[in-house]
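Chemist: Encoded as structure tokens, here's the structure I'll be asking about.
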Amino acid sequence: MPSLKSTQAYLERHHGGDGELAAKRTLESHQRNHDEAFQAFWDQHISLTNDADCHLVDLGCGPGLFLQDLHQRYPNAQLSGVECAPYMLDRISDLPDAISIHVADLNLDSLDLFPANSVDVALANRLVHELHQPVSLFRNLQHWLKPGGVFVLVDMVRQPLKSYVTHELKGMDLNDLKLNDARLEDLFIHFLEHNRYHVDDLVDLLTLCNFKVLAVEPIRSGRAVQIAVQK
Ligand SMILES: C[S@@+](CC[C@H](N)C(=O)[O-])C[C@H]1O[C@@H](n2cnc3c(N)ncnc32)[C@H](O)[C@@H]1O
Numbered sequence: 001m002p003s004l005k006s007t008q009a010y011l012e013r014h015h016g017g018d019g020e021l022a023a024k025r026t027l028e029s030h031q032r033n034h035d036e037a038f039q040a041f042w043d044q045h046i047s048l049t050n051d052a053d054c055h056l057v058d059l060g061c062g063p064g065l066f067l068q069d070l071h072q073r074y075p076n077a078q079l080s081g082v083e084c085a086p087y088m089l090d091r092i093s094d095l096p097d098a099i100s101i102h103v104a105d106l107n108l109d110s111l112d113l114f115p116a117n118s119v120d121v122a123l124a125n126r127l128v129h130e131l132h133q134p135v136s137l138f139r140n141l142q143h144w145l146k147p148g149g150v151f152v153l154v155d156m157v158r159q160p161l162k163s164y165v166t167h168e169l170k171g172m173d174l175n176d177l178k179l180n181d182a183r184l185e186d187l188f189i190h191f192l193e194h195n196r197y198h199v200d201d202l203v204d205l206l207t208l209c210n211f212k213v214l215a216v217e218p219i220r221s222g223r224a225v226q227i228a229v230q231k
């Protein structure tokens with residue numbers, strides 16, 4: 001049975017054993033992970049006016065930069081971030097009153113985190129592959145989202161080993177001895193952890209959890225996907 005503590009330990013290892021560095025990298029890759037393709041997908045499937053009085057949730061919000069972006073765009077919105085890695089939480093700073101952060105483990109049933117039928121839009125940007133299983137989260141979302149509320153899921157999806165290794169090694173030769181046993185082990189562990197789901201697996205799980213699929217868009221040459229579903 002997972003607990004907040006065991007999830008934090010798992011995440012620290014998954015994030016490379018150096019939480020501070022992982023948080024720094026997440027901050028640095030913010031623009032890339034919320035790029036034009038993401039913005040266009042959001043605009044296409046989130047039909048909120050900028051002055052909407054609504055509740056938006058960023059699941060696995062990391063250092064909270066997207067919440068700040070949302071606050072700029074939707075100044076009247078109530079904004080909630082959910083995060084459990086201490087080194088990510090440490091990097092969240094200077095939040096306006098509209099943003100609140102909830103420390104919770106999204107592997108667990110957390111129906112009480114938000115009132116039933118209270119959330120207009122929830123986002124999970126590269127969270128789901130870090131969960132032990134996503135069904136508890138999808139069930140929680142069925143509880144939290146308003147009828148007609150939208151869940152946007154962005155994540156890496158299954159790809160052949162050659163494509164994964166080529167991308168991760170950025171041109172480095174597998175025979176290069178700088179790629180020592182420790183780095184090779186890390187590469188193969190992360191191949192499994194980043195390749196958990198085929199696009200169809202995510203769509204099937206969401207459908208089995210009673211979501212209506214609005215859109216499925218492969219991104220990053222098929223190495224990732226953006227999915228929008230509705231309660
Ligand atoms: C790859 S990072 C992405 C962060 C942010 N969404 C972004 O796009 O920049 C995934 C985030 O989800 C958080 N996370 C992973 N598993 C979690 C869990 N079980 N409960 C809460 N947060 C979790 C991680 O700590 C990390 O901050």
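According to the numbering used here, the stretch in the sequence shown is residues 1 to 231, in order.
No residue lacks a Cβ here, since even glycine has one placed at the ideal position from N, Cα and C.
For N125, which residues does DSSP report across the bridge?
Modeler: Counting from one through the sequence shown, the residue named residue 125 turns up at place 125. N125 pairs with V154.
Chemist: Whose C-alpha, out of K212, N180, R220, D112, is nearest the C-alpha of N33?
Modeler: Here residue 33 corresponds to residue number 33 of the sequence shown, with the count starting at 1. Residue R220 is the option with its Cα nearest to N33.
Chemist: Report, in whole angstroms, the separation of the C-beta atoms of M172 and L179, which I expect to be a contact under 8 Å.
Modeler: Counting from one through the sequence shown, the residue named residue 172 turns up at place 172. Counting from one through the sequence shown, the residue named residue 179 turns up at place 179. Sure, about 6 Å apart at Cβ, within 8 Å.
Chemist: In chain order, what are the residue ranges of uninterrupted alpha helix (DSSP H) at least 4 long that sit wholly in the stretch 188-230?
Modeler: The stretch 188-230 contains these whole alpha helix (DSSP H) runs: 199-208.
Chemist: Beta carbon of L153, beta carbon of S136: below 8 Å?
Modeler: Here residue 153 is taken as the residue at index 153 of the sequence shown, counted from 1. Here residue 136 is taken as the residue at index 136 of the sequence shown, counted from 1. Against a cut-off of 8 Å, the Cβ pair of S136 and L153 comes out as no contact.
Chemist: Mind listing, in chain order, the residues whose beta carbon lies closer than 6 Å to a non-hydrogen atom of ligand 1?
Modeler: So the residues near ligand 1 by this Cβ test are T7, L11, T26, H30, N33, G60, C61, G62, V82, E83, C84, A85, M88, D105, L106, N107, N125, R126, L127, E130, L131.
Chemist: Rounded to the nearest angstrom, how far is the Cβ of P75 from that of A23, given a contact under 8 Å?
Modeler: Taking the first residue of the sequence shown as 1, we reach residue 75 at position 75. Taking the first residue of the sequence shown as 1, we reach residue 23 at position 23. Contact flag wrong, Cβ pair sits at about 27 Å.
Chemist: State the DSSP-derived secondary structure class of P63, mapped to helix, strand or coil.
Modeler: Residue 63 sits at position 63 when you count from the first residue of the sequence shown. Coil, per DSSP.
Chemist: Leaving out the 5 sequence neighbours to the left and right, which residues in its chain are closer than 8 Å to N50 when beta-carbon positions are compared?
Modeler: The residue you call residue 50 lines up with position 50 of the sequence shown. Answer for N50: R73, Y74, P75, listed in chain order.
Chemist: With three or more beta-carbon pairs closer than 8 Å as the criterion, would you say the stretch 47-61 touches the stretch 125-139?
Modeler: These segments touch.
Chemist: Assign I99 to one of two classes, buried (16 or more other C-beta atoms within 10 Å of its C-beta) or exposed (fewer than that).
Modeler: Taking the sequence shown and counting its residues from 1, one reaches residue 99 at position 99. When all chains shown are included, I99 counts as buried.
Chemist: Where does N210 land, buried or exposed, given buried means 16+ other C-beta within 10 angstroms?
Modeler: To locate residue 210, count along the sequence shown from 1; it is residue 210. So N210 counts as exposed.
Chemist: Name, in chain order, the residues that DSSP records as bridge partners for S80.
Modeler: Taking the sequence shown and counting its residues from 1, the one referred to as residue 80 is at position 80. Looking at the DSSP assignment, S80 forms a beta bridge with V57, S100.
Chemist: Assuming A228 contacts L214 under a Cβ cut-off of 8 Å, what Cβ separation, rounded to an integer in Å, is found between them?
Modeler: Here the question's residue 228 lines up with position 228 in the sequence shown. Here the question's residue 214 lines up with position 214 in the sequence shown. Right, their Cβ atoms sit about 4 Å apart.
Chemist: Buried or exposed: which applies to N175, given that a residue is buried once 16 or more other Cβ atoms fall within 10 Å of its Cβ?
Modeler: The residue you call residue 175 lines up with position 175 of the sequence shown. It is exposed - the Cβ of N175 has fewer than 16 other Cβ atoms within 10 Å.
Chemist: Figure out for me which residue from L111, D112, Q68, N117 has the closest Cα to the Cα of S93.
Modeler: As a first step, residue 93 is located in the sequence shown; it is residue number 93 there, counting from the start. Closest option to S93, Cα to Cα, is Q68.
Chemist: Measure the Cβ-Cβ separation of A116 and A77 and say whether it is below 8 Å.
Modeler: Start at 1 with the first residue of the sequence shown, and residue 116 comes out as number 116. Start at 1 with the first residue of the sequence shown, and residue 77 comes out as number 77. The answer is no: Cβ separation not under 8 Å.
Chemist: Which residue or residues does DSSP assign as beta-bridge partners of L145?
Modeler: Sequence index remark: in the sequence shown, residue 145 carries index 145 (1-based). DSSP output for L145 lists V119 as bridge partner(s).
Chemist: Taking all protein chains shown into account, decide if D35 is buried (16 or more other Cβ within 10 angstroms of its Cβ) or exposed.
Modeler: In the sequence shown, counting from the first residue as 1, residue 35 sits at position 35. When all chains shown are included, D35 counts as exposed.
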